[in-house]
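In this note's numbering, the protein residues as written are 17 to 177.
First the structure, in the form of structure tokens, and then the observations on it.
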Amino acid sequence: MDNILGLDLSAKEKNKTGYFYIKDNVNYGILHKDKDIINLIKEVGFKFVFIDAPVSYEYPYRIEERLLYKEGFKPLPLSIKSMKALYERTNYIMGQLKDIKFIETFPRAVEKILKLKYEYFDHIFRYKDIYDAYLAFLSGLFYINNKYKKYGELVLPKLDP
17 MDNILGLDLS
27 AKEKNKTGYF
37 YIKDNVNYGI
47 LHKDKDIINL
57 IKEVGFKFVF
67 IDAPVSYEYP
77 YRIEERLLYK
87 EGFKPLPLSI
97 KSMKALYERT
107 NYIMGQLKDI
117 KFIETFPRAV
127 EKILKLKYEY
137 FDHIFRYKDI
147 YDAYLAFLSG
157 LFYINNKYKK
167 YGELVLPKLD
177 P
């Protein structure tokens, strides 16, 4: 568990980026600056970053969005200006951390699959950004336990029937 970071990246540094990980204790919070996100990843030494942000770009829809739509999930298309900005920020951070594996996930789908709601956690997580980072972290747990489904390069938990 101590090699997984859940990250809900914002498109702009001025907005909140939530993070969640377990290393000795449960750790979560908010960061803003790219350098702080990069430093956290380097200092803790994560192997995987499960990120709520596009890690690839194809206009207007990637295979990931097309596959998610087919299953009833509703991701935002990269044709939206803020999504392109989010991809660019993700790409910059990934470029600074080439030895770390970044895996895209989609917290709204994780929430639906695991039948969770923010209202169950709002007394713990002050911001929804942290809750989304927690959901990204959960995707990571399913991934390392080989209980996941891929939608292109995007990973979601898979429950046994």
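Ideal placement from N, C-alpha and C gives every residue a C-beta, glycine not left out.
1) May I ask you to report which of helix, strand or coil DSSP gives Lys-90?
2) In the stretch 71 to 125, which residue ranges form an unbroken alpha helix (DSSP H) of at least 4 residues, counting only runs that do not cross its ends?
3) From the DSSP output, in three-state form, read off Asp-8 for me.
4) Taking the alpha carbon of Gly-34 as the point to measure from, which residue in Asn-55, Asn-41, Ile-67 and Lys-51 has its own alpha carbon closest?
5) Report the option in Ile-57, Lys-128, Ala-149 and Leu-172 whose CA atom is closest to the CA atom of Lys-114.
6) If you run the structure through DSSP and keep just helix, strand and coil, what is Lys-39?
7) Where Leu-132 and Ala-125 are concerned, what is the direct C-alpha to C-alpha distance, given to the nearest angstrom?
8) Go ahead and pull the three-state DSSP assignment for Asp-24.
9) Considering only residues of the same chain and omitting the five flanking positions on each side of Leu-25, which have a CB-CB separation below 7 Å?
10) Thinking C-alpha only, which one of Leu-130, Gly-168 and Phe-141 is nearest Asp-176?
11) Output needed for Asn-43: all residues of its chain with C-beta closer than 6 Å, excluding positions within five of it in sequence on either side, in chain order.
12) Under the DSSP definition of a beta bridge, which residues are partnered with Val-171?
13) Which of the three DSSP states is assigned to Phe-153 in this structure?
14) With a CB to CB cut of under 7 Å and the five nearest residues on each side skipped, what residues in its chain are close to Leu-83?
In brief:
1) Translated into positions along the sequence shown, residue 90 becomes position 74. DSSP places Lys-90 in coil when its eight states are reduced to three.
2) 79 to 86 and 97 to 112
3) Given that the chain is displayed from residue 17 to residue 177, the structure contains no residue 8 and the question cannot be resolved.
4) In the sequence shown, residue 34 corresponds to position 18, counting from 1. Considering only alpha carbons, the answer is Ile-67.
5) To locate residue 114, count along the sequence shown from 1; it is residue 98. For Lys-114, the nearest C-alpha among the options comes from Ile-57.
6) By 1-based counting over the sequence shown, the position of residue 39 is 23. Residue state, collapsed to three classes: strand.
7) The count along the sequence shown starts at 1 and reaches residue 132 at position 116. The count along the sequence shown starts at 1 and reaches residue 125 at position 109. Approximately 10 Å between the Cα atoms of the pair.
8) Start at 1 with the first residue of the sequence shown, and residue 24 comes out as number 8. Correct three-state label for Asp-24: strand.
9) As a first step, residue 25 must be located in the sequence shown, where it is residue number 9. Thr-33, Ile-67, Asp-68, Ala-69, Leu-102, Arg-105 and Thr-106.
10) For the purposes of this step, residue 176 is identified with residue 160 of the sequence shown, where counting begins at 1. The candidate whose alpha carbon is nearest that of Asp-176 is Leu-130.
11) Position 27 of the sequence shown, counted from the start, is the residue given in the question as residue 43. Counting only Cβ-Cβ distances below 6 Å, and skipping sequence neighbours, we find Tyr-37.
12) Within the sequence shown, the letter at position 155 stands for residue 171. Lys-166.
13) As a first step, residue 153 must be located in the sequence shown, where it is residue number 137. Helix, per DSSP.
14) Counting from one through the sequence shown, the residue named residue 83 turns up at place 67. The residues are Tyr-167 and Gly-168.
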